[in-house]
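Accompanying notes for the structure given below.
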Amino acid sequence: MEEKFKPIKTIHIALVLGITLAYFLIGDLQNLDFLHMPETDTTLYLFLLIPIAAVFLGNMLYKQQLKNGERDQPLENKIGIYQTASLIRWAMVEGAAFLILFLKKELIIIGICLILYLVLLWPSQERMKRDFKMVGN
30 MEEKFKPIKT IHIALVLGIT LAYFLIGDLQ NLDFLHMPET DTTLYLFLLI PIAAVFLGNM
90 LYKQQLKNGE RDQPLENKIG IYQTASLIRW AMVEGAAFLI LFLKKELIII GICLILYLVL
150 LWPSQERMKR DFKMVGN
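Rendered as structure tokens:
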């Protein structure tokens, strides 16, 4: 079963390394100015909605995709569904991190938090079992 997880783990590592590299190259993290919170205005609240919406929408789409699997199939046959669901969720989080990086660099600390969240979404057999059980599949 672990052999079937190698492609998705490789994809996950590539996504995390890619977004991290983009943040180091484009985000100018060397000067630590990103640690200061910008002045509060209405656009700040709009940009804060991007990561919140991405996380919630990504999790909702993830669970919806997991529900598409057939109950009577063994776990080994559901790995394709798990991979698709994981890629959808990761794409939402990565997209939000890129939007913050390019549209509102003052909130780069939020993007770093999204990257850390993406790291925590590491694919594993235990997580797959738990998540399929959680959606009743």
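Take any residue in the sequence shown, count from 1 to its spot, add 29: that is its number in our numbering.
Virtual Cβ for every residue (Gly too), placed ideally from N, Cα, C.
Predicted model, so just to flag it, every value in this text is computed and none were measured.
> Could you give the distance in angstroms between the alpha-carbon of Ile42 and the alpha-carbon of Ile108?
Replying inline: Cα to Cα, the separation comes out at about 18 Å.
>> Only counting the same chain, and skipping five residues up and downstream in sequence, which positions put a Cβ closer than 8 Å to that of Ile117?
In response: Within the same chain, Cβ atoms closer than 8 Å to the Cβ of Ile117 are found at Gly87, Leu90, Tyr91, Gln94, the five residues on either side in sequence being excluded.
> Taking Cβ to Cβ, would you say Gly124 is nearer than 8 Å to Ala82?
Replying inline: Result no, Cβ atoms of Gly124 and Ala82 do not sit closer than 8 Å.
> Can at least three beta-carbon pairs, one atom from the region 133-149 and one from the region 49-56, be found at a separation below 8 Å?
Replying inline: With the cut-off at 8 Å, the region 133-149 and the region 49-56 touch.
> Which value, in whole angstroms, describes the spacing of the CA atoms of Ile37 and Pro152?
Replying inline: Computed Cα separation, rounded: 7 Å.
> Roughly how many angstroms lie between the CA atoms of Phe161 and Ala114, to the nearest whole one?
Replying inline: So the two alpha carbons sit approximately 11 Å from each other.
> Helix, strand or coil for Val84 per DSSP?
Replying inline: In the structure shown, Val84 sits in a helix (DSSP, three-state: H, G or I).
> At which residues does the alpha helix (DSSP H) containing Val164 begin and terminate?
Replying inline: Taken as a continuous stretch (DSSP letters only), Val164 belongs to no alpha helix (DSSP H), as it is neither H nor E.
>> For a test of the three-state rule: what should DSSP assign to Trp119, helix, strand or coil?
In response: Residue state for Trp119 is assigned as helix, using DSSP reduced to three classes.
> Can you tell me where the alpha helix (DSSP H) with Glu31 in it begins and where it stops?
Replying inline: Note, Glu31: alpha helix (DSSP H), 31-55.
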